[in-house]
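Each remark here refers to the structure printed beneath this line.
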Amino acid sequence: GPSGCGKTTMLRMIAGLEDITSGQIRIGEVDITNLEPGDRGLAMVFQNYALYPHMTVRENIEFGLTNARIPKFEIKERTEKALQVVGLSEYERRRPAHLSGGQRQRVALARAIAKMPQCFLMDEPLSNLDAKLRSEMRTELIQLHQSLGSTFIYVTHDQIEAMTMGDNIVVMNEGKIMQQGSPTEIHNNPACVFVAKFIGDPGMNIVDVDHEYSIGFRPRDVIFDCGGECDEGIVIRSRILSFENHGSEYLYLVEFDGKKVFIKELSKTQRAVGDEVVFTLLKENLCFFDKSEMRVRDEKVLERVYGEFKKGWSSL
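Every letter in the sequence shown is one number past the one before it in my numbering, and letter 32, counting from 1, is 14.
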């Protein structure tokens, strides 16, 4: 969710760093609501690495285990395993100042792994890294999750991170859960306008039909220049306002009847600003929303709204 939606507060409640006003927090069948943070069997990884600058990589990992009075032989065993998992065995004698941002984040991960927690809590751990390194670390975290087999609760404002890494996504806004489901379900079947526009790059186009309803469609869910093959769809004539070259595809901002929407085309040929673009929308690719911005699923309402949309904008 966006900044201020409550996602970090929820993570801190799970960790025991924030009090809850009602309800319970369970890990499996165990109620941990009233347990101290250190007794919950959790490990947190933050966007700020919080490493001790005067300690080596190994010492940073060992420090928490030593304070927990874990036997020395077990500390050595856990530390070496954690270093191996994150690929930092060769860097164990270095201090944080001599590591890259990605390596420092790996140290923070290794420190969490060495605790052998029931669950990992991650608060935007990749937000301080550049785009290329974020992409690499996403892949590493996915592999780490698969190898450890533990639960990861991962807070992010980046829908790309959520879609690429999540098995299950909870989308939040203003302290409320807007939708929960798999990445595919969240992307293809949004429950409300907020989720539709928040998930996707860019988000779903939302076009008002009247004062009561609006329709939404993904930029990729359009058919270009289909001629007479799309008789059942809504044919729209638009004009290109701007475009982005994404290498394998083009993203166009187009306008029709005063409405501005994004459409994507997988093509090697670039269209120009000012060109007319004719595209078709099929009913099965449309989402319908009411004035409260919630999804409409009543078939009779869908038929009526679709008919109004088709009558009002087809072949403009």
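For glycine and all other residues, C-beta sits at the position ideal for the given N, C-alpha and C.
Item, Value
"Given residue 309 as reference, the closest of 95, 120, 154, 5 once Cα atoms are compared", "Within the shown structure, residues of the chain are numbered from -17 to 298, placing residue 309 beyond reach of any answer."
"Among 45, 107, 102, 37, the one whose alpha carbon lies nearest that of residue 23", "102"
"Backbone CA spacing between residue 4 and residue 163 [nearest angstrom]", "24 angstroms"
"Where residue 158 falls: helix, strand or coil (DSSP)", "strand"
"Extent of the continuous beta strand (DSSP E) to which residue 227 belongs", "216 to 227"
"Interface flag, residue 205 vs chain C, CB-CB below 7 angstroms", "No chain C is present in this structure, which holds just one protein chain."
"Residue 104 Cβ short of 6 angstroms to the ligand ZN heavy atom set", "As for the ligand ZN, it is missing from this structure, which has no ligand bound."
"Limits of the alpha helix (DSSP H) - the one that residue 123 falls within", "113 to 130"
"Residue(s) in a DSSP beta bridge with residue 204", "None, per the DSSP bridge assignment."
"Counted within 10 angstroms of its Cβ, other Cβ atoms place residue 203 as buried (16 or more) or exposed", "buried"
"Own chain residues within Cβ distance below 6 angstroms of residue 100, not counting five before or after", "9, 23"
"Neighbour-count burial assignment, residue 306, 16 or more Cβ in a 10 Å radius", "It is not possible to answer for residue 306, since the shown part of the chain is limited to -17 through 298."
"Residue 166, buried or exposed, once every other Cβ within 10 Å from all chains shown has been counted against 16", "exposed"
"Beta-carbon proximity list for residue 2, same chain, < 8 angstroms, skipping 5 on both sides", "-5, 15"
"Alpha-carbon spacing of residue 177 relative to residue 154, whole angstroms", "9 angstroms"
"Spatial distance of residue 110 from residue 83 (CA atoms)", "8 angstroms"
"Span separating the alpha-carbon of residue 12 from that of residue 117", "35 angstroms"
"Run of the beta strand (DSSP E) containing residue 262, from where it starts to where it stops", "258 to 263"
"Element boundaries [alpha helix (DSSP H), containing residue -9]", "-11 to -3"
"Backbone CA spacing between residue 34 and residue 77 [nearest angstrom]", "9 angstroms"
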